[in-house]
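Undergrad: Below are the structure tokens for one structure; questions will follow.
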Amino acid sequence: MRNLLIIRAVAFNSFVESVRNRFFTLFAVFAFTAVYASVLAGVMAVDQEARVLADFGLALIELTALAYSLFAASSTLLREAETKTIYLVFSRPVPRWAYLAGKLCGALLTAGLMLVVMAAMHLSLLAFRGFGLPAFYAWALAGTFLKLAVIISFAFFVSLFSTSAVSTLVIASIMWTLGHFASEARFLAERAPGIQGAVLTAFLWLIPNLQLFNARDAAGAASPLGLAVLFPAAAWVAASCLGALWLLSRKEF
Amino acid sequence: MQSISALKAGARGRGLLILAAAALAWAAGGFSSRRYVSPFPPPSEMRVPAVGATGDMMALALGARRLFADLWFIRLMQYYGTREFSGEEESESAGHNHEAEEHYGEGKYPLFLPMARHVLEVDPAFTAAGLYGAASLAFNMKRGDEATELLNYALKYNPRGRSGATQFSEDRWKYLTMLAAVGYSKSGNPVAVAEAIAPILKDPDCPVMLKQLAAFLNKKAGNYAAAAVIYADIAATSRDEAYVKNARRELEKLAGIKRQGPARGASR
Amino acid sequence: MTACAVSFSGVEKTYKRPRLLGAEYHTAVKDLSFEIPAGEITGLLGLNGAGKTTIMKLITGLLFPTAGQVRVFGQPPSDVAAKARVGFLPELPYFPPQVKPADALEYYGRLSGLSGAELSRAVESSMKKTGLEPHAGKRISEFSKGMLQRLGLGQALLHKPDLLVLDEPVSGLDPLAIHDIRALLAGLNAEGCAIFLSSHSISEVEKLASRVLLMVSGKLAAAVTRAQWESAPGGLEKIFVEAVK
């Protein structure tokens, strides 16, 4: 119970810090502008305007939330170490796992809030253009949130061994693209001969398949995410957290 | 010394952490590998136009296939909407003509099929693009074989069979209907074409160009009431000013025909 | 026998800095053994790089010893039970500039396991003890260095620690702030709280501490009691200068 209160305190503090951060405002303005710009693209699509507006908006929402979340996740631990705030935390009876869990919850709360705010802007924009709620919208947002959860926890893990926030951003971004290529990579690995193919396939299993959560792109299949995708999402988040805890448990400040 | 055994125990515990992390990631990868069936064509099916390689790379890397399919579709419409100058021997009027329905969309547009196919390569669920492409090829450019090729590709990779798939497995009938219409068109039976595509027109996602074609064919066959219903639908629902203006003009003409009587109107 | 708040036994701390090829090692403290008695004020003096901050971090569990053993109230410093009894003020503590002092204290109070009415009382008491009450309505961005140091001390006091570890608590403060903080520390010690403070100011340590550890190049050069420096000609300053030369 005590540790739950600590997790809550760290999460809330991290969330409030993020929301106060001027970057959050910048990103909100950017998102609004970008979504508005998609109206212009919608006009070019004429009778497919509803589809184009929905796709542009959802993609921009995801990329904006991704950029901010990665920026926050890759710099938060480094910044706390640089400002010595971490001294005031770890000199207290705060288990390192609880701190990590709190930070992750704070980052997920921030990402969730960003998605909700930008989705509200986007839906208002769609309504303004005379369109209703796209059928797959909630699933697309849920999928985006799961993808963000996986990549944010991975960024936390990387930030504990990388030398700068920039290198964390780069590594996490590479993982993001690899995650979307996972099925194509497996397609190729499965065609590699013998043991070579088996080793390659086994290695590729370590890369989270983000397409699994890409309800936005798979909207064509009109298939909701399904409860089953929560298991790999939770497993990848937990794997990154365990890796991060492995590094944090012996990290000195 | 107590601290040495404690350190060893601590190191063992930490070692277990990283092993557990790797096992979890690997198990999740294995689970998803077995469970995930890609709704997209295999990578070998991608015939990337030289100018679009970067865009397609982004589409895959960012998981934004729908967005980039939209962009390809906009490019296709811009390409098709550009008046075509096809050499000295052809006059300007042979190009894309929005005003005269009879010659609507005529022209060579050699890149139309690869561009239309590429939209479906990126997002095979983009049914409206598939129908638009096939209809343009078959009915405007009189390239039935290419339309058939596009429709066959669309049918092959139309995402279906995924658990929970409903909407787009239903879309197969649209492609099949369009295939039939293309067949009628090849055999020179416009009335059968109009009848064949009639069910597709009720779909809210039906390309307006197809509606206009159906209206035109009905008008030509003397089926003014059916033509008027379709023009009214275009005028009420389309966001393309050119189509809306044309539909209103045609509605006025049809009203005039009705006033003059069906016999005179049919002779036009 | 006086109870022991902190004990160092043969402690060594070597930092490893990864380089392109291999690594570079730097030993900050070596073969360090001493005790800090409970309820007393112990000072730590040394030149820059003598290992003062390393010792503070070893006590608070921010660093792990390369060799030897550190105990805080009989427990390893990383133990939750040990940390619950320690309050730490690092040099130049940072607080988010947009918040008010009570908000920052509330956060750290929660991390110390306080909640509800107990947390409110602890925040109020810390604000009162450190003289921050009149500035409760200000944001931290409006704080002077002295006020920030008071706030740093306030966060260390929240959970009523039995040991206060203070790294340069009066560094860069004006004389009035130094006077106030000295009075506060003396008061806390009178209530039974052990204090371990490092400083560059010999006179400051001399005024507060009952015992001083002198560090020279990572080694304990001497442990001097108040009686010793008061009876020596030239006082603590002369003992220190002779030790570091």
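Protein chains in written order, with this note's numbering: chain A, 1 to 253; chain B, 254 to 521; chain C, 522 to 766.
For every residue, glycine included, the Cβ atom is placed at its ideal position computed from N, Cα and C.
All values reported here derive from a predicted model rather than from experimental measurement.
1) May I ask you to report which of helix, strand or coil DSSP gives Glu62/A?
2) Which residues in chain B have a C-beta closer than 9 Å to the C-beta of His122/A? List them in chain order.
3) Does the Cβ of Thr85/A have 16 or more other Cβ atoms within 10 Å, making it buried, or fewer, making it exposed?
4) Would you kindly check if the distance between the Cβ of Ala715/C and the Cβ of Glu561/C is under 7 Å?
5) Using alpha carbons as the reference points, say which of His547/C, Phe664/C, Leu584/C and Gly658/C lies closest to Ser249/A.
6) Going by DSSP in three states, Gln619/C sits in which element: helix, strand or coil?
7) Leaving aside the five residues before and after Ala50/A along the sequence, list all residues of the same chain whose C-beta is less than 7 Å from its C-beta, in chain order.
8) At which residues does the alpha helix (DSSP H) containing Gly673/C begin and terminate?
9) For Arg747/C and Lys728/C, which I take to be in contact (beta-carbon distance under 8 Å), what is that distance rounded to the nearest angstrom?
10) Could you spell out where the alpha helix (DSSP H) holding Ser164/A opens and where it closes?
11) Please report how far the alpha carbon of Leu669/C lies from the alpha carbon of Pro539/C, in whole angstroms.
12) For Val435/B versus Thr401/B, is the C-beta distance shorter than 7 Å?
13) Thinking C-beta only, is Ala407/B closer than 7 Å to Leu373/B?
14) Going by other Cβ atoms of all chains shown within 10 Å of its Cβ, with 16 needed for buried, is Glu345/B buried or exposed?
15) Can we say the segment 562-582 of chain C touches the segment 601-612 of chain C, given the rule of at least three CB pairs closer than 8 Å?
16) Applying the criterion that 16 or more other CB atoms from any shown protein chain within 10 Å of the CB defines a buried residue, is Ala516/B buried or exposed?
17) Out of Thr575/C, Ser530/C and Ala544/C, point me to the one whose CA is closest to Ser554/C's CA.
18) Mind checking the segment 632-652 of chain C against chain A and listing, in chain order, the residues whose C-beta falls within less than 7 Å of any C-beta there?
19) By the three-class DSSP mapping on this structure, what secondary structure does Thr110/A have?
20) Tell me, to the nearest whole angstrom, how far the beta carbon of Ala165/A is from that of Ser75/A; I am working on the premise that it is less than 8 Å.
21) I'd like to confirm the pairing. Which residues does DSSP put opposite Ser528/C in its beta bridges?
22) Taking only the alpha-carbon atoms, compute the straight-line gap between Tyr87/A and Pro611/C and give it to the nearest angstrom.
23) Could you name the residues of chain C that Ile6/A contacts, counting a contact when the two beta carbons are closer than 8 Å?
24) Using a Cβ-Cβ cut-off of less than 7 Å, give me the residues of the segment 598-609 of chain C that come near chain A, in sequence order.
25) Chain C beta carbons: is any one of them nearer than 7 Å to that of Val94/A?
26) Label Val10/A either buried or exposed according to how many other C-beta atoms from any shown protein chain fall within 10 Å of its C-beta, with 16 as the threshold for buried.
27) By the criterion of Cβ-Cβ separation under 8 Å, what are the contact partners of Phe585/C in chain A?
28) Applying the 10 Å Cβ sphere with the 16-neighbour rule, what's the burial state of Pro412/B?
29) Quick check on Ala218/A - is its C-beta less than 7 Å from some C-beta in chain B?
30) Which of the three DSSP states, helix, strand or coil, is assigned to Glu533/C?
31) Identify each residue in the segment 173-186 of chain A for which the Cβ-Cβ distance to at least one residue of chain B is less than 9 Å, and report them in chain order.
32) CB-CB under 6 Å to Gly518/B, same chain, minus the five flanking residues each way: which ones, in chain order?
33) So which residues on chain B does Phe56/A lean against when the C-beta distance must stay under 8 Å?
34) Spatial neighbours of Val527/C within its chain, please: CB distance less than 6 Å, with the 5 preceding and 5 following residues excluded, ordered by chain position.
35) Mapping DSSP to helix, strand and coil, what is Glu190/A?
36) Please list, in chain order, all residues of the same chain as Leu204/A whose beta carbon is under 6 Å from its beta carbon, the five residues on each side excluded.
TA: Working from what's here:
1) Reading the first sequence from its first residue, position 62 is the one you call residue 62/A. If DSSP states are grouped into helix, strand and coil, Glu62/A belongs with the helices.
2) Along the first sequence, one-based indexing puts residue 122/A at 122. Within chain B, no residue comes near His122/A; the closest Cβ sits about 13 Å away, beyond 9 Å.
3) Here the question's residue 85/A lines up with position 85 in the first sequence. Buried: at least 16 other Cβ atoms inside 10 Å.
4) In the third sequence, residue 561/C corresponds to position 40, counting from 1. In the third sequence, residue 715/C corresponds to position 194, counting from 1. A contact, by the Cβ cut-off of 7 Å.
5) In the first sequence, the residue the question calls residue 249/A occupies position 249. With distances taken between Cα atoms, Ser249/A lies closest to Leu584/C.
6) Taking the third sequence and counting its residues from 1, the one referred to as residue 619/C is at position 98. DSSP places Gln619/C in coil when its eight states are reduced to three.
7) Your numbering for residue 50/A matches position 50 in the first sequence. Excluding positions up to five away in sequence, the list reads Phe131.
8) By one-based count along the third sequence, residue 673/C stands at place 152. Where Gly673/C is concerned, the enclosing alpha helix (DSSP H) stretches over Lys666 to Leu678.
9) Residue 747/C sits at position 226 when you count from the first residue of the third sequence. Residue 728/C sits at position 207 when you count from the first residue of the third sequence. Not quite, the Cβ-Cβ distance comes to about 10 Å (not below 8 Å), so this is no contact.
10) Start at 1 with the first residue of the first sequence, and residue 164/A comes out as number 164. Ser164/A -> no alpha helix (DSSP H), and no H or E assigned at all.
11) Translated into the one-based positions of the third sequence, residue 669/C becomes position 148. Translated into the one-based positions of the third sequence, residue 539/C becomes position 18. Taking the straight line joining both Cα atoms gives about 35 Å.
12) As a working note, residue 435/B is residue 182 in the second sequence. As a working note, residue 401/B is residue 148 in the second sequence. Contact flag set, yes.
13) Here residue 373/B corresponds to residue number 120 of the second sequence, with the count starting at 1. Here residue 407/B corresponds to residue number 154 of the second sequence, with the count starting at 1. Closer than 7 Å, so yes.
14) Reading the second sequence from its first residue, position 92 is the one you call residue 345/B. The predicted model places Glu345/B with a pLDDT of 37, which falls under 50 and marks its position as unreliable; any figure quoted below should be read in that light. Exposed, since its Cβ has fewer than 16 Cβ neighbours within 10 Å.
15) The segment 562-582 of chain C is in contact with the segment 601-612 of chain C.
16) Sequence index remark: in the second sequence, residue 516/B carries index 263 (1-based). Note that Ala516/B scores a pLDDT of 49, beneath 50, so its modelled location is shaky and nothing firm can be said.
17) The sequence position of residue 554/C within the third sequence is 33, counting from 1. Ser554/C has its Cα closest to that of Ser530/C, out of Thr575/C, Ser530/C and Ala544/C.
18) Within the segment 632-652 of chain C, the qualifying residues are Leu632, Ser633, Gly634 and Ser636.
19) Position 110 of the first sequence holds residue 110/A. Correct three-state label for Thr110/A: helix.
20) Mapped onto the first sequence, residue 165/A falls at position 165. Mapped onto the first sequence, residue 75/A falls at position 75. 4 Å between Cβ atoms; contact.
21) As a first step, residue 528/C is located in the third sequence; it is residue number 7 there, counting from the start. Note: Ser528/C is bridge-paired with Glu556/C and Arg592/C in the DSSP secondary-structure output.
22) If you number the first sequence from 1, residue 87/A lands on position 87. If you number the third sequence from 1, residue 611/C lands on position 90. Going from the Cα of Tyr87/A to the Cα of Pro611/C covers about 7 Å.
23) Sequence index remark: in the first sequence, residue 6/A carries index 6 (1-based). Those are Arg631, Leu632 and Gly634, listed as they occur along chain C.
24) Val601, Lys604, Ala605, Val607 and Phe609
25) Numbered from 1 along the first sequence, position 94 holds the residue referred to as residue 94/A. It does; some Cβ of chain C falls within 7 Å.
26) Within the first sequence, the letter at position 10 stands for residue 10/A. Classification of Val10/A: buried, given that the 10 Å Cβ count is 16 or more.
27) Position 64 of the third sequence, counted from the first residue, corresponds to residue 585/C. The answer, in chain order, is Arg250 and Glu252.
28) Reading the second sequence from its first residue, position 159 is the one you call residue 412/B. Classification of Pro412/B: buried, given that the 10 Å Cβ count is 16 or more.
29) Looking up residue 218/A in the first sequence gives position 218. Proximity of Ala218/A to chain B, defined by a Cβ-Cβ separation below 7 Å, is satisfied.
30) For the purposes of this step, residue 533/C is taken as residue 12 along the third sequence, with counting starting at 1. Reduced to three states, the DSSP call for Glu533/C is strand.
31) Trp176, Thr177, Leu178, Gly179, His180, Phe181, Ala182, Ser183, Glu184 and Arg186
32) Numbered from 1 along the second sequence, position 265 holds the residue referred to as residue 518/B. Note that Gly518/B has pLDDT 43, beneath the 50 cutoff, so the model's placement of it is unreliable and the number below is only indicative. Same-chain partners within the cutoff: Ile510.
33) Start at 1 with the first residue of the first sequence, and residue 56/A comes out as number 56. Those are Leu320 and Asp323, listed as they occur along chain B.
34) Within the third sequence, the letter at position 6 stands for residue 527/C. Around Val527/C: Ile557, Ile580 and Val593.
35) Residue numbering aside, residue 190/A sits at position 190 when the first sequence is read from its first letter. DSSP places Glu190/A in coil when its eight states are reduced to three.
36) Numbered from 1 along the first sequence, position 204 holds the residue referred to as residue 204/A. Hits under 6 Å: Ala185, Arg186 and Ala189.
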